[in-house]
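Everything below concerns the one structure shown next.
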Amino acid sequence: MQAVVVHGPEDYRLEEVDVPEPGAGELLMQVEAVGVCASDLKCYHGAAKFWGDENRPAWAQTGVTPGHEFVGRIVGGDADGLARHGVELGDRVACEQIVPCEQCRYCLRGQYWMCGPHDMFGFRNFNGAMAQYMLVPTRARVHRVSQDLEAQHAAFAEPLSCALHAVERATISFDDVVVVAGCGPIGLGLIAGARAKNPRLLIALDLDDDKLELGRRTGADLTINIAREDAVARVRELTEGYGADVYLEGSGAVPAVAQGLNLLRKLGTYVEYSVFGSDVTVDWSIISDDKELDVRGAHLGPHCWPAAIKMLEDGKLPISDICTHQVPLADFQKALDLVGDTSGASVKVSILPNA
-11 MQAVVVHGPE DYRLEEVDVP EPGAGELLMQ VEAVGVCASD LKCYHGAAKF
39 WGDENRPAWA QTGVTPGHEF VGRIVGGDAD GLARHGVELG DRVACEQIVP
89 CEQCRYCLRG QYWMCGPHDM FGFRNFNGAM AQYMLVPTRA RVHRVSQDLE
139 AQHAAFAEPL SCALHAVERA TISFDDVVVV AGCGPIGLGL IAGARAKNPR
189 LLIALDLDDD KLELGRRTGA DLTINIARED AVARVRELTE GYGADVYLEG
239 SGAVPAVAQG LNLLRKLGTY VEYSVFGSDV TVDWSIISDD KELDVRGAHL
289 GPHCWPAAIK MLEDGKLPIS DICTHQVPLA DFQKALDLVG DTSGASVKVS
339 ILPNA
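Just so you know, the working numbering puts 177 at position 189 of the sequence shown, and the rest follows in order with no gaps.
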């Protein structure tokens, strides 16, 4: 079969490899679609979060096939593996990104998404889905997905679950003014999730008018193009000078961090769900002495996968317009380049390995 193999930053190669054989309790998946994430791009370009620096060791590994946003059909496995995951041959499934160890402090406390070893499809110890086939290990967290969804739409369950977890971290109430930074895949998921919480006003920010329109169709009440308008001033105008109650950052753009701290009201809530390619510097006193903000991180999509899958199956998002590009496996480099194209040509790019 064909698979993309990581040899290092900016050295990903399409190679001919053996179809993996499932061991006891494992399953074999034929990959239908794999989304290309901004974190895939940052790993490809060598971001320190993945490859380490003077402050942290490398986490990503060479020799691994990338791809952690995927859906596929189960085509092999023993009875124990099928029973363990509650699936049958031919079922369409998606897997959570992380493969928890089930033995560390976090796993034993039920906080599996923060697992200490942090093995993850496509980055560390488990091959991902930029391949025609992949193994589903015994410790994978597997979710069945409707056969009626297009493959690239079904694979969007991964970024959507992540966004929904960030929304849950925000504890949005009915009277809140909520601002979402970014109308890319994560940002649109944040908008959809926040819309389901029914806040008083939901505002989307971006630099691209087409993406802002997509944000409006996903559920934003108001959009602001920050290339033309001062978002901080506009939000204060809309809130009697106070500022927003909740800021959800999903753009991964360094300036979006200070923007969020500045447009929040005192005692507001900032939730970060981005992977940054470089360090971010802000006036930390805004968080403490100025506003006493709650600043929360969000990682992966724990306990949000069923809700994400249901939203997709129920047609709650304009998913055909979100999933803008699909390419064959041989064009994986084109997929990475599309994600990195700052002109806004794409929203969600997917690879169809068996197309």
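Ideal Cβ placement from N, Cα and C applies to all residues, glycine included.
Taking a C-beta distance under 7 Å as the contact criterion, cysteine 83 and cysteine 89 do not qualify as a contact pair. Within the DSSP secondary-structure output, valine -6 pairs in a beta bridge with Tyr0. Contact check between the stretch 182 to 194 and the stretch 279 to 290: fewer than three CB pairs, one atom from each, fall below 8 Å, which does not count as touching. Note that the stretch 129 to 145 does not touch the stretch 160 to 167; fewer than 3 beta-carbon pairs, one per stretch, sit closer than 8 Å. DSSP places leucine 137 outside both helix and strand once states are collapsed to three, so it counts as coil. For valine 7, there is no enclosing beta strand (DSSP E), as DSSP gives it neither H nor E. Distance between aspartate 41 and glycine 265, taken at the CA atoms: about 12 Å. Scanning the stretch 89 to 166 for uninterrupted beta strand (DSSP E) segments of 3 residues or longer gives 121 to 124 and 130 to 132, listed from N- to C-terminal end. Residue pairing of asparagine 213 in beta bridges, as defined by DSSP: Asp194. Looking only at Pro147, Glu(-2) and Gly13, the smallest Cα-Cα distance to tryptophan 293 is reached by Pro147. Here glycine 69 is not near glycine -4, since their CB atoms are 7 Å or more apart.
Annotation: alanine 215 to valine 22 spans about 32 Å, alpha carbon to alpha carbon. By the C-beta criterion, the stretch 57 to 64 is judged not to be in contact with the stretch 293 to 302, since fewer than 3 inter-stretch pairs fall below 8 Å.
Judged by DSSP secondary structure, alanine 232 falls within the beta strand (DSSP E) whose first and last residues are 232 to 237.
When secondary structure is reduced to three states using DSSP, phenylalanine 58 falls in the strand class. Sequence-distant Cβ neighbours of glycine 203 in its own chain, meaning closer than 8 Å and more than five residues away, are Val168, Cys171, Gly175, Leu176, Ile179, Ala192, Asp194 and Thr211.
Histidine 287 sits in coil when the DSSP states are folded into three classes, being neither helix nor strand. For asparagine 113 against threonine 53, the beta-carbon gap comes to about 12 Å, at or over 8 Å, which does not count as contact.
Shortest Cα-Cα distance from threonine 330 to any of Glu260, Ala48 and Asp196 involves Asp196. Taking every protein chain shown into account, the CB of asparagine 43 has fewer than 16 other CB atoms within 10 angstroms, so this residue is exposed.
Judged by DSSP secondary structure, histidine 73 falls within the alpha helix (DSSP H) whose first and last residues are 67 to 73.
Cα atoms of lysine 304 and valine 19: separation of roughly 25 Å, rounded to the nearest angstrom. The straight-line gap separating the alpha-carbon atoms of alanine 119 and alanine 318 is approximately 10 Å.
Aspartate 233 and aspartate 107 have their C-alpha atoms some 35 Å from each other.
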